[in-house]
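J.: What follows is a single structure, and I will ask about it in a moment.
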Amino acid sequence: MADEPNAKLTDQLDAAVFNDAGLLPAVIQQWDTHEVLMLGWMNREALRRTLTEGRVTFWSRSRQEFWRKGDTSGHAQYVHSAAFDCDNDTLLVQVDQVGAACHTGSHTCFDGRDLGVTTMERPTE
């Protein structure tokens with residue numbers, strides 16, 4: 002029975018579909034409000050750490066190293082749940098965000114960046 006959790010984790014990691022660079026986009030969402038906070042990238046090891054340690058770990062494409070949200074800023078992300086999309090090539094991680102999620106100090110990376118698109122109401126039937 003001791004191997005069962007490791008087998009489940011291996012199955013989860015094997016199910017992930019990484020891009021040609023070995024990365025998977027991870028959408029980070031506040032668990033209770035469902036507000037989208039940020040997007041980060043994970044390789045297999047970052048995914049493993051996120052699934053097993055309870056804190057979100059990313060792979061920095063620019064620095065080529067792991068980084069865990071909050072280790073230097075104190076603005077940590079505590080994992081509540083994680084799920085793949087239908088193709089297993091994108092991850093949704095629901096977190097309890099402490100402090101700002103964005104490196105700019107904003108609560109979300111999507112604050113104040115509305116592009117002013119044309120909107121449309123859904124047609125009635």
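In my numbering, the protein residues as written are 2 to 126. We treat Cβ as the ideally placed atom computed from N, Cα and C, and that holds for glycine.
Using the rule of at least 16 other Cβ atoms within 10 Å of the residue's Cβ for burial, across every protein chain shown, is Q65 buried or exposed?
T.: Residue 65 sits at position 64 when you count from the first residue of the sequence shown. The residue is exposed, with fewer than 16 neighbouring Cβ atoms inside 10 Å.
J.: Quick one: which unbroken beta strand (DSSP E) runs of 3-plus residues sit fully inside the stretch 25-56? Chain order, please.
T.: If we require 3 residues or more, the beta strand (DSSP E) runs fully inside the stretch 25-56 come out as 25-31, 37-43.
J.: Please report how far the alpha carbon of P26 lies from the alpha carbon of P124, in whole angstroms.
T.: Mapped onto the sequence shown, residue 26 falls at position 25. Mapped onto the sequence shown, residue 124 falls at position 123. Answer to the nearest angstrom: the Cα atoms are 32 Å apart.
J.: Rounded C-beta distance between V94 and V57? I'm assuming under 8 Å.
T.: Here residue 94 refers to the residue found at position 93 when the sequence shown is read from its first residue. Here residue 57 refers to the residue found at position 56 when the sequence shown is read from its first residue. Rounded, the Cβ-Cβ distance is 6 Å, consistent with contact.
J.: Would you call the stretch 7-20 and the stretch 38-48 touching, i.e. three or more CB-CB distances under 8 Å?
T.: The answer is yes - the stretch 38-48 touches the stretch 7-20, with three or more Cβ pairs under 8 Å.
J.: Find out if the Cβ-Cβ distance for the pair M39, I29 is shorter than 7 Å.
T.: Reading the sequence shown from its first residue, position 38 is the one you call residue 39. Reading the sequence shown from its first residue, position 28 is the one you call residue 29. In contact: M39 and I29 (Cβ atoms closer than 7 Å).
J.: Classify L116: buried if its beta carbon has 16 or more other beta carbons within 10 angstroms, exposed otherwise.
T.: Residue 116 sits at position 115 when you count from the first residue of the sequence shown. Answer is exposed; the Cβ neighbour count stays below 16.
J.: Give me the residue from Q78, R62, K9 with the minimum Cα distance to T109.
T.: Translated into positions along the sequence shown, residue 109 becomes position 108. Nearest of Q78, R62, K9 to T109, Cα basis: Q78.
J.: So what does DSSP say about D12, is it helix, strand or coil?
T.: Along the sequence shown, read from residue 1 onward, the residue named residue 12 stands at position 11. Reduced to three states, the DSSP call for D12 is helix.
J.: Excluding the five sequence neighbours on either side, which residues of its own chain have a C-beta within less than 6 Å of the C-beta of S61, listed in chain order?
T.: The residue given as residue 61 occupies position 60 in the sequence shown. Cβ neighbours of S61 beyond the five flanking positions: W68.
J.: Bridge partners of S82, per DSSP?
T.: Translated into the one-based positions of the sequence shown, residue 82 becomes position 81. Per DSSP, Q95.
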